[in-house]
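Residue numbers (the working numbering), protein chains in the order written: chain A, 1 to 207; chain B, 1 to 207. No residue lacks a Cβ here, since even glycine has one placed at the ideal position from N, Cα and C. Working notes for the structure below.
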DNA sequence: CGACAACTTGAGACGCTTCAAAAAGGGTGG
DNA sequence: CCACCCTTTTTGAAGCGTCTCAAGTTGTCG
């Protein structure tokens with residue numbers, strides 16, 4: 001792991017703050033070892049405002065392999081907001097964006113079956129990973145997650161994750177091989193994930 | 001429901017942006033009606049940056065009873081960041097805080113049993129509700145949630161929620177009556193929730 | 001070639017879900 | 001004040017999805 005001072009981070013629209021050379025995950029654990037991955041971070045992603053980071057060791061970030069990243073202090077964050085409001089605005093936006101990832105995952109974990117959760121995760125990760133790929137992922141995208149990561153991300157047991165993964169693979173929906181993920185029947189995956197059909201207006205719309 | 005222009009919102013350290021006269025919830029639904037409440041909003045809470053609000057009706061906010069609130073546009077948000085960086089900073093902080101609520105809930109839904117989830121929710125909601133109470137909730141706190149709300153918040157079925165709730169109540173851990181929540185054996189509830197014991201440092205600490 | 005991590009598979013147990021239906025509240029109009 | 005309706009709560013019973021336990025296989029790296 002390499003730690004790069006903020007002022008040296010070279011990247012993208014918002015170079016100052018974050019990024020990896022590889023994947024990582026935010027997670028929480030219970031005292032008996034049960035572990036829940038909150039969301040995955042891909043190269044180029046923003047590490048959320050980790051204010052609660054130090055509060056307890058309950059909340060962590062784990063690298064799935066070597067990463068390089070930038071960290072910043074709360075004070076520095078405030079200074080930045082004052083000095084460069086537009087970047088501060090971007091940070092707010094990015095924080096909100098990260099939350100939306102967690103929101104999506106909570107919907108999965110709370111209300112989708114194992115098959116549906118896995119289909120959802122594969123599609124979403126593929127999409128994110130394909131963005132930085134040359135041809136949009138025609139020959140798959142890099143996929144460094146172990147089945148244990150997937151299980152912890154979806155609130156499933158390792159065993160059941162494996163069986164479900166194999167079932168979908170045997171049905172020809174996807175393939176994971178050599179550290180790469182291939183979607184072979186995107187339509188079926190999307191159908192399983194119910195990614196479009198979201199709906200139902202709020203009974204009492206507020207906004 | 002009353003809609004108050006932002007510049008008139010009277011409240012707290014950060015009067016401009018949010019708040020209710022009552023409770024509400026953020027949720028998502030699947031096309032077949034399955035519903036997951038992401039987090040609950042209590043009086044005084046901030047409504048997150050609802051950028052994705054309009055993206056699809058998949059994401060909603062429901063009032064549990066009449067509420068009054070402030071809304072703001074994305075542009076207004078940007079203008080605010082520029083004009084008042086300190087408030088912009090607070091917004092970032094609040095957005096991150098709301099995310100931490102969702103994180104906590106995701107840990108519950110993904111890795112806690114039904115009993116543990118309910119214990120966790122009761123304690124956390126009680127704490128939040130007690131803050132604004134005169135005596136810190138010695139005679140309970142207002143509790144407008146139905147069991148369906150609790151079920152949707154915890155990723156459980158209504159039936160199982162009811163049975164678990166009754167089991168805990170019969171064991172003397174809590175009481176819900178007349179729209180109020182009373183914690184009767186906080187210690188036992190905390191033990192169930194594993195709220196302190198969080199632990200386990202990251203295998204590969206990043207920060 | 002030995003060691004360790006990741007993956008795979010089978011089998012039994014249990015927690016939670018679904019279905020079904022009744023009881024208890026809460027509000028409204030006659 | 002009662003009759004009615006609709007929402008919320010409660011309880012029983014059966015089914016199944018997921019978990020745990022157990023062990024074997026495959027892959028990787030030194």
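Take the alpha-carbon of residue 101(B) and the one of residue 124(B): they are about 10 Å apart.
Taking a C-beta distance under 8 Å as the contact criterion, residue 27(A) and residue 35(A) qualify as a contact pair. Along the length of the region 123-171 of chain B, whole alpha helix (DSSP H) runs at least 4 residues long occupy 147-154 and 158-170, reported in chain order. By the criterion of a C-beta distance shorter than 8 Å, residue 169(A) is surrounded in its chain by 175 and 176, once the five residues flanking it on both sides are discounted. Here residue 180(A) carries a strand assignment [DSSP, helix/strand/coil]. For residue 79(B), the secondary structure class from DSSP, reduced to helix, strand or coil, is helix. Note on residue 81(B): 16 or more other CB atoms within 10 angstroms of its CB, so buried under the neighbour-count rule.
Contact annotation for residue 91(B) against chain A: 92 [CB-CB distance below 7 Å, chain order]. Per DSSP, reduced to three states, the secondary structure at residue 112(A) is coil, with no helix or strand assignment.
Beta-bridge annotation (DSSP): residue 174(B) is paired with 183(B). In this structure, residue 126(B) sits near residue 141(B), with a CB-CB distance shorter than 8 Å. Taking 8 Å as the cut-off, the Cβ atoms of residue 46(B) and residue 98(B) count as close. Residue 134(A) and residue 158(B) have their C-alpha atoms roughly 47 Å apart. Within chain B, the residues placing a beta-carbon under 7 Å from that of residue 107(A) are 28 and 36, ordered along the chain. Residue 194(A) sits in coil when the DSSP states are folded into three classes, being neither helix nor strand.
Here residue 149(B) is buried: its Cβ has 16 or more other Cβ atoms, across all protein chains shown, within 10 Å. For residue 98(A), the chain B residues whose Cβ falls inside 7 Å of its Cβ are 99, in order along the chain. In this structure, residue 109(A) keeps its C-beta atom at 8 Å or more from the C-beta atom of residue 181(A). Under the Cβ distance rule, residue 81(B) counts among the residues neighbouring chain A, one pair being separated by less than 8 Å. For residue 84(B), the three-state secondary structure derived from DSSP is coil.
Residue 41(A) is positioned such that its CB atom lies no closer than 8 Å to that of residue 31(A).
For the C-beta of residue 194(A), the chain B residues within less than 7 Å are, from N- to C-terminus, 30 and 31. Distance between residue 107(B) and residue 105(A), taken at the CA atoms: about 11 Å. For the region 117-143 of chain A, no residue has a beta-carbon sitting nearer than 8 Å to a beta-carbon of chain B. Proximity of residue 95(B) to chain A, defined by a Cβ-Cβ separation below 8 Å, is satisfied.
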